[in-house]
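Peer 1:
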Amino acid sequence: MTKQFFKSNGLLQTLNWYIPITILLLCIISLILVPFKPNITSKIFNLTGFIAIITVLASPKHYFKNKSLIIAIPLFFIGLSHLAWVELYKTSDSLYKNVYYGYFQMGKIAIFGSFILLCIDKIKGTFKLNRLHFFTALFIQLSVFLYALYQAIYFSSPRVELSFGNASNATGAAYAMIFLSLYSQTVFLQSKIKFNYVIYFASLVLTYISIILTETRAAILVYPFVSIFIFSLHSREINTKVKRNKIYLAIPILVLLICGLFFSDSISSRMSLAAKEGLLYIENGKSSSVGDRLSMIKAGIHSSNDNFFWQSAEERNNKISELAKIDRSLQGATKHFHAHLHNDLVETLSTKGWISGVMLTLIFYLAIILYGIKNDKNPFILGFAISLIILGFSDTLIISKQVSLTWCLVLILIISCVPIKNNHITST
């Protein structure tokens with residue numbers, strides 16, 4: 001009877017319109033704050049998630065009928081399995097509380113994110129928030145660049161960290177910069193303002209300089225590749241001079257190349273060091289940044305030989321410790337297993353096994369790719385998927401807080417920008 005009252009008075013329809021808009025606005029605020037105030041961002045996101053859950057459960061038939069369900073379902077089960085794993089194994093005297101904390105935080109982010117996606121999908125391309133998207137992207141690009149420059153010059157930071165110093169450090173900051181840039185690229189390339197391509201190319205430069213200042217090797221290599229992929233795929237789908245004049249396809253390459261040449265000494269030294277570290281690990285099992293990552297991959301796989309389902313962090317780490325006593329090349333893993341194993345697939349394999357660990361993660365990756373393909377091979381969704389997968393081989397993006405929160409918000413906002421037919425983001 002109450003439901004009939006809502007429907008007869010149009011109240012339910014009104015709420016199903018304005019609540020998703022409120023959720024979208026809260027996500028935009030969260031994304032603006034994440035490079036500077038991640039703790040506040042987390043609180044806003046949690047509030048947004050609670051609102052989304054109540055909204056979806058109040059009108060399930062309305063929200064479960066959308067294309068984002070293909071992404072929301074595996075994301076929800078990733079979160080649910082994370083929380084269940086923590087509940088099963090974490091105790092008051094757990095030795096590796098940081099491991100459980102990472103899974104717990106990502107569990108919340110994934111569950112909240114899945115419900116937020118269901119809400120956002122219902123208003124994408126229909127509500128005129130285009131100008132807000134544009135100025136949000138512009139502000140994020142400028143503020144992140146200026147903050148990175150400030151840290152590099154004023155504090156003489158050898159590696160810029162933004163506000164990720166207490167968690168993911170420079171590496172996390174670099175990965176966050178990539179995902180924030182993906183949102184900006186989505187907005188700028190779909191904009192119809194006169195100088196949108198100038199703004200887009202400028203944003204590539206600002207982001208790449210910021211990433212170089214973090215000296216994160218994986219990000220320095222991945223960002224140009226993903227950006228060129230997005231621009232190339234986008235140029236095939238639009239009917240503008242960019243499509244007719246092939247020289248435009250070379251502009252992102254030239255822009256990023258010039259930027260790279262300007263910082264060639266820094267990039268060259270970091271890449272040379274990476275090659276040297278990898279070689280030393282292969283020859284002598286020597287500990288280093290690259291060597292430890294290779295060690296963690298090897299250790300994670302070996303510790304999972306009899307772990308088809310789940311095992312605790314203590315059990316996994318005890319296995320690695322015992323293996324490291326026999327095999328010197330695994331000793332680097334013992335320096336980091338108190339947090340995670342720096343690889344999404346290996347980390348989830350070592351704790352949650354093949355089904356709820358590796359398979360569920362792969363299904364999530366595939367879901368994002370399929371969503372992008374079904375939406376006219378959307379370059380921004382596909383570029384996001386490539387970034388998440390590749391960077392996940394270098395670090396854990398689905399067992400963390402700040403970086404996970406960043407990419408989840410970016411995924412939500414990119415999907416909110418997916419055009420319906422020929423709608424594009426404009427400045428008016």
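The sequence shown begins at 1 in the UniProt record's numbering and counts up one residue at a time. Don't be surprised by glycine CBs; every beta carbon is placed ideally from N, CA and C.
1) For residue 175 and residue 144, I'd like the C-alpha separation in whole angstroms.
2) Considering only C-alpha positions, which residue in the set 55, 418, 19, 82 is nearest to residue 360?
3) So, for residue 414: in the same chain, excluding its five sequence neighbours on each side, which residues have a beta-carbon less than 8 Å away from its beta-carbon?
4) Specify the secondary structure class of residue 86 as computed by DSSP and reduced to three states.
5) Please give me, in chain order, every unbroken run of the beta strand (DSSP E) with length at least 3 that falls completely inside the segment 35-96.
6) Measuring straight from C-alpha to C-alpha, what distance separates residue 167 and residue 40?
7) Please say whether residue 163 and residue 37 have beta carbons closer to each other than 8 Å?
8) Looking at the structure shown, is residue 258 part of a helix, part of a strand, or coil, going by DSSP?
9) Is DSSP giving residue 167 helix, strand or coil here?
10) How is residue 428 classed by DSSP in three states: helix, strand or coil?
11) With a CB to CB cut of under 6 Å and the five nearest residues on each side skipped, what residues in its chain are close to residue 89?
12) Under 8 Å, with one C-beta from each stretch per pair, do the segment 333-344 and the segment 193-209 reach the 3-pair mark?
13) I believe residue 109 touches residue 48 by the beta-carbon criterion, under 8 Å. Please report the beta-carbon distance rounded to the nearest angstrom.
14) Using a threshold of 8 Å, state whether the C-beta atoms of residue 398 and residue 106 are closer than that.
15) What's the C-alpha gap between residue 217 and residue 253?
16) Can you give me the start and stop residues for the alpha helix (DSSP H) that residue 344 sits inside?
17) With 16 other CB atoms within 10 Å as the buried threshold, where does residue 422 fall?
18) Is residue 306 helix, strand or coil when you go by DSSP?
19) On the three-pair Cβ rule with 8 Å, is the segment 210-224 touching the segment 149-164?
Peer 2: Reading it off the structure:
1) 13 Å
2) 82
3) 182, 183, 186, 380, 381, 384
4) helix
5) none
6) Confidence is the limiting factor: at residue 167 the pLDDT is only 49, short of 50, which leaves the residue's position unreliable and the question unanswerable from this model.
7) yes
8) helix
9) Residue placement at residue 167 cannot be trusted, given a pLDDT of 49 that sits under 50; the coordinates are not used to answer.
10) Note that residue 428 scores a pLDDT of 39, beneath 50, so its modelled location is shaky; the value from the coordinates is reported in the next line. Residue state, collapsed to three classes: coil.
11) 312
12) no
13) In fact, because the Cβ distance is near 11 Å, the residues do not count as touching under 8 Å.
14) yes
15) 18 Å
16) 344-352
17) Reliability fails at residue 422, whose pLDDT of 48 lies under 50, so the model's placement of it is uncertain and no value is given.
18) coil
19) yes
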